[in-house]
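Here the structure comes first, spelled out in structure tokens, and everything after it is commentary.
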Amino acid sequence: MSGNEYGVGRLGSLADDSWVPPVIDTTRAHPARMYNAYLGGKDNFAADREAAEQIIAKAPEVRDLARANRAFLGHAVRMLAEQGIDQFLDIGTGIPTADNTHEVAQRVNPAAKVVYVDNDPIVLAHARALMAGHGMGATTIIQADLRDPASILADPALRGALDFGRPMGLILLAVLHFVSDEDGPAAIVKQLTDVLAPGSRMVLSHATTDVDPRGDAAVVEENQAEAVRVYGQKSVAAVTLRTGDRIRALFDGLELLPPGIASVYDHLADPDVRHHGVGIYGGIARKP
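Structure (structure tokens):
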């Protein structure tokens with residue numbers, strides 16, 4: 043199916059289920075729409091809200107964690123743009139909200155180019171509606187699945203938009219924990235980074251099983267188990283939490299930039315952001 047079948051234009055909220063692409067099963071939650079619910083958005087269905095609310099009831103801090111993860115994206119993209127990176131490949135972009143990759147990058151450099159990749163038709167439709175506005179800059183949206191990196195890299199729209207002979211920013215924000223061990227997340231990352239030019243950057247965040255020593259390990263582990271259960275039973279994609287060491291291994295062959303693999307909260311270093319322990323690790327790395 044071509045993503046172009048959904049066209050562009052203004053889309054309303056999904057909260058009343060008033061607009062549904064024909065291929066969408068609204069009875070199953072989707073991680074992108076659950077994430078939208080954590081952020082307080084309206085672009086989600088009843089099944090997404092029900093699943094998200096089950097996790098929030100157990101661990102209400104997930105809402106702050108989602109916001110911190112989103113702020114990490116803005117921080118990383120702004121930093122890369124200020125360092126001269128002017129093209130970005132954002133895979134697993136999720137439903138557009140405030141300060142998307144293209145907005146942050148093009149605020150620093152209006153000539154920056156961004157390609158978004160996602161496998162959810164609703165994400166793509168909303169992204170295209172957003173990009174239809176005047177002055178959105180050079181932005182491309184394609185439908186593809188992270189678990190098939192070869193198809194992403196071969197996409198003619200991607201190849202036409204980005205120059206792989208020059209450094210770019212690869213964004214993998216909160217998406218690899220929806221890739222199972224059987225699908226080989228490390229091999230996927232390697233296939234993507236192998237084709238990047240030297241000087242390229244990778245921005246990655248990933249949910250973890252690690253527990254902050256200041257927290258109650260038993261409570262955190264119980265909350266993690268509930269999240270795994272809800273995603274496994276109610277979402278179209280199960281979640282796989284990984285240790286910090288396994289997440290660090292995803293950066294093999296790349297040079298981690300300070301502060302290395304750290305909580306997304308620690309990357310922000312913002313005293314106004316409530317700190318709830320680890321939750322999600324973030325990392326920014328350079329290809330030598």
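Using my numbering, the letters of the sequence shown map in sequence onto residues 43 to 330.
All C-beta atoms in this analysis are idealised placements derived from N, C-alpha and C, irrespective of residue type, glycine included.
{"Query": "The beta strand (DSSP E) enclosing L212, as first and last residue numbers", "Result": "G211 to L215"}
{"Query": "Opposing strand residues paired with I289 [DSSP bridges]", "Result": "Answer is none; I289 lacks a bridge partner."}
{"Query": "Whole-angstrom distance between I98 and E268, CA atom to CA atom", "Result": "10 Å"}
{"Query": "Distance between L131 and P191 (C-alpha atoms, nearest Å)", "Result": "12 Å"}
{"Query": "Cβ-based neighbour list, G11, same chain, cut-off 6 Å, excluding 5 preceding and 5 following", "Result": "With the chain represented from 43 up to 330, any question about residue 11 goes unanswered, as that position is not in the structure."}
{"Query": "Proximity to T251 [Cα-Cα], best of H219, R271, T285 and A79", "Result": "T285"}
{"Query": "Runs of beta strand (DSSP E) wholly within the stretch 208-283 (minimum 3 residues, chain order)", "Result": "211-215 and 243-249"}
{"Query": "Three-state secondary structure assigned by DSSP to N161", "Result": "coil"}
{"Query": "Where I326 sits in the DSSP three-state scheme", "Result": "strand"}
{"Query": "Burial state of D160 (16 or more Cβ within 10 Å)", "Result": "buried"}
{"Query": "Contact belief for G324 with V306 at Cβ below 8 Å, rounded distance in angstroms", "Result": "4 Å"}
{"Query": "Whole-angstrom C-beta distance between G321 and A249, which should lie under 8 Å", "Result": "7 Å"}
{"Query": "Beta-bridge pairing of T181 - partner residues as DSSP gives them", "Result": "V156"}
{"Query": "Test item: CB-CB of F206 and A239 under 8 Å", "Result": "yes"}
{"Query": "P64 in three-state terms, based on DSSP", "Result": "A caution first: P64 carries a pLDDT of 47, below 50, which makes its placement in the model unreliable, though a value can still be read off. Correct three-state label for P64: coil."}
{"Query": "Whether K329 touches G241 by CB criterion (8 Å)", "Result": "yes"}
{"Query": "Same chain, Cβ closer than 7 Å to A118, neighbours up to 5 away in sequence not counted", "Result": "V245 and I326"}
{"Query": "Backbone CA spacing between P64 and A279 [nearest angstrom]", "Result": "In this predicted model, P64 has a pLDDT of only 47, less than 50, meaning its place in the structure is not dependable; the value taken from the coordinates is given anyway. Approximately 20 Å, taken between the alpha carbons."}
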